[in-house]
Amino acid sequence: MFGCKSLTNLVIKPEIGLEVRSPRPQINLTRELPKPNAYAIAMDDEYKEIAFNEERAPLNKGVWREKVFNVSSERALDVEVGTGAGHHFAYHAKKYPERCLVGLEIKYKPLIQTIRRAQNGGGVYNAVCRYHAFNLDQLFGDNEVNNVYIHCPDPWVTPRKPRNRVVNRHILGDIYKMQRPGSFLEFKTDSREYFLWALEEIKLTPYQVEFQTLHLYGEETIYKKNNFQTGFEKIFVNQGIEINYIKLIK
Ligand SMILES: C[S@@+](CC[C@H](N)C(=O)[O-])C[C@H]1O[C@@H](n2cnc3c(N)ncnc32)[C@H](O)[C@@H]1O
């Protein structure tokens, strides 16, 4: 179901060449930083039990509940991709204190802001990883994850590099495999161009669409009512930009 606008005047072509998966992106190793900043140091020191660098994070694959959170295999474990400063992460941690939550961030400062914010809010079962979202499958095994949140990811419209967009058929395929049946994936973005492109990618996956809209705030729905406005989303909404939203179900 679509919320407000018709798509008839907007044609988005799937990107030629995306059938073939790009090589895995590599990120630099924290231990090789010539001058680690305070956030990189905090990740491997003060927060090392709950903030995992690119080398320690994959060691948790398949054992997040048992090894990191010390909870049973039935406990819910959600993932947020690109947490930014962690406003939604901390909100989720507080609202669902019994659910485990793992955040992915590539930059040190937002990574530490995220885990700090959650802890300050009383969150217990929370962890963050410095990791590239395209390599998510190196962090979680099949059937290990419940719900997944992707909020306002970098849209790659300037420069226009759709290949770098995280909501693409390959990453969605990976996430689908790691999710437990009945779980959801929530994606929202200020970028209409990205969203329309992503809809074509989503069609190539086994996900079911529960709800989608080009204007989350344009009508009174439970999705609007239950929505938490993220840091970036707030900025865009204040500029009058419509928020594109989709909820997918495995
Ligand atoms: C536009 S911000 C959105 C932050 C937050 N979700 C929000 O809505 O306020 C995108 C975030 O994703 C992070 N990011 C970008 N590319 C990433 C990648 N490949 N893997 C993990 N995080 C990434 C950025 O560092 C940034 O914090």
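Here the sequence shown stands for residues 148 to 397, where the numbers follow the working numbering.
For glycine and all other residues, C-beta sits at the position ideal for the given N, C-alpha and C.
Quantities reported herein were computed from a predicted structural model and do not represent experimental measurements.
Residue i: CB within 7 angstroms of a non-hydrogen atom of ligand 1
{"i": "F383", "result": "no"}
{"i": "I262", "result": "no"}
{"i": "H279", "result": "yes"}
{"i": "K371", "result": "no"}
{"i": "I318", "result": "no"}
{"i": "T305", "result": "no"}
{"i": "P328", "result": "no"}
{"i": "P170", "result": "no"}
{"i": "H298", "result": "yes"}
{"i": "P257", "result": "yes"}
{"i": "E333", "result": "no"}
{"i": "T377", "result": "yes"}
{"i": "T177", "result": "no"}
{"i": "G231", "result": "yes"}
{"i": "E252", "result": "yes"}
{"i": "E380", "result": "yes"}
{"i": "D284", "result": "no"}
{"i": "D301", "result": "yes"}
C-beta contact flag for residue i and residue j at 8 angstroms
{"i": "G270", "j": "A240", "result": "yes"}
{"i": "R327", "j": "T352", "result": "no"}
{"i": "S330", "j": "N294", "result": "yes"}
{"i": "Q285", "j": "K208", "result": "yes"}
{"i": "Y354", "j": "L363", "result": "no"}
{"i": "T377", "j": "H235", "result": "yes"}
{"i": "I262", "j": "V275", "result": "yes"}
{"i": "T336", "j": "N374", "result": "no"}
{"i": "E380", "j": "C247", "result": "no"}
{"i": "V228", "j": "Y272", "result": "no"}
{"i": "N200", "j": "D191", "result": "yes"}
{"i": "E389", "j": "L343", "result": "no"}
{"i": "K324", "j": "D289", "result": "yes"}
{"i": "F287", "j": "P172", "result": "no"}
{"i": "E333", "j": "I396", "result": "no"}
{"i": "R307", "j": "T177", "result": "no"}
{"i": "V292", "j": "E340", "result": "no"}
{"i": "L180", "j": "A189", "result": "no"}
{"i": "V314", "j": "E348", "result": "yes"}
{"i": "T230", "j": "P205", "result": "no"}
Coil, strand or helix - residue i by DSSP
{"i": "R307", "result": "strand"}
{"i": "K394", "result": "strand"}
{"i": "L413", "result": "One cannot answer for residue 413 here, as it falls past the ends of the chain, which runs 148 to 397."}
{"i": "K350", "result": "coil"}
{"i": "L319", "result": "helix"}
{"i": "C151", "result": "At C151 the pLDDT is 41, less than 50, meaning the model places this residue with poor confidence and gives no usable figure here."}
Residue ranges of each alpha helix (DSSP H) within the stretch 154-234, 4 or longer:
Taking only runs of at least 4 residues, the alpha helix (DSSP H) segments lying wholly in the stretch 154-234 are 185-191.
May I have a chain-ordered list of the alpha helix (DSSP H) segments no shorter than 4 residues that lie completely inside the stretch 354-389?
DSSP assignment within the stretch 354-389 yields the following whole alpha helix (DSSP H) runs of 4 residues or more, N-terminal first: 369-372, 378-385.
Please list the segments of the alpha helix (DSSP H) lying wholly inside the stretch 235-301, counting only runs of 4 or more residues, in order along the chain.
Runs found: 255-267.
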